[in-house]
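Enquirer: One structure is given below, represented as structure tokens, and several questions about it will come after.
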Amino acid sequence: MANKRVFVAFAIEDQTTKILFTGQAKNKNVPYDFVDMSVKEPWDSQWKTNCRTKIKGCDGFIALISKNTKKATGQLWEINCAKEEKIPILGIYIDGAGYSDKPDEMYGILCKEWTWDNVKDFIYSL
Numbered sequence: 005m006a007n008k009r010v011f012v013a014f015a016i017e018d019q020t021t022k023i024l025f026t027g028q029a030k031n032k033n034v035p036y037d038f039v040d041m042s043v044k045e046p047w048d049s050q051w052k053t054n055c056r057t058k059i060k061g062c063d064g065f066i067a068l069i070s071k072n073t074k075k076a077t078g079q080l081w082e083i084n085c086a087k088e089e090k091i092p093i094l095g096i097y098i099d100g101a102g103y104s105d106k107p108d109e110m111y112g113i114l115c116k117e118w119t120w121d122n123v124k125d126f127i128y129s130l
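Under our numbering, the first residue of the sequence shown carries the number 5, and numbering increases by one thereafter.
Below you can see the structure in the form of structure tokens.
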């Protein structure tokens, strides 16, 4: 069976936590790969086109939800894109974030605390 591809959306301010989160996929026995579209420069229409293509090619989508998410325009765009493309989405709370940090774009989408079981259960459901 081919590895599942899971897009990870995050606020750029949370890059260190994203690295820790995606590090678990580096184990050769893990049956999934994480994808992201991190950019160091302001994003443009070409970035959106490339990002949409990557999201469409994924089996699932995880949004890392932090206190920075509501202001993260790139991440919010990625979330909306995944919804438009009907990709299964899970929100994972990071760095002490909780329900009050959940952006409107995640309305109706399940968000859980960051545990291996929560991530694994989502990925295995894809």
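Heads up, the beta-carbon is just placed ideally off N, CA and C, and yes, glycines get one too.
Owing to the predicted nature of the structure, the values given are computational and were not obtained by experimental measurement.
What residues match up with residue 115 in a beta bridge as DSSP calls it?
Expert: The residue given as residue 115 occupies position 111 in the sequence shown. BP columns for residue 115 point to 95.
Enquirer: Kindly list the residues whose CB is nearer than 6 Å to the CB of residue 122, restricted to its own chain and excluding five residues on each side of it in sequence; keep chain order.
Expert: The residue given as residue 122 occupies position 118 in the sequence shown. Result list for residue 122: 116, in chain order.
Enquirer: Taking all protein chains shown into account, decide if residue 88 is buried (16 or more other Cβ within 10 angstroms of its Cβ) or exposed.
Expert: The residue labelled residue 88 in the question sits at position 84 within the sequence shown. Exposed.
Enquirer: Which whole-angstrom value is the C-beta distance of residue 109 and residue 72, which I expect to be below 8 Å?
Expert: The count along the sequence shown starts at 1 and reaches residue 109 at position 105. The count along the sequence shown starts at 1 and reaches residue 72 at position 68. Actually they are not in contact, since the Cβ atoms of residue 109 and residue 72 sit about 14 Å apart, beyond 8 Å.
Enquirer: Let's see if you can read the secondary structure: which residues bound the beta strand (DSSP E) around residue 102?
Expert: Numbered from its first residue, the sequence shown carries residue 102 at position 98. Here residue 102 belongs to no beta strand (DSSP E), and DSSP marks it neither H nor E.
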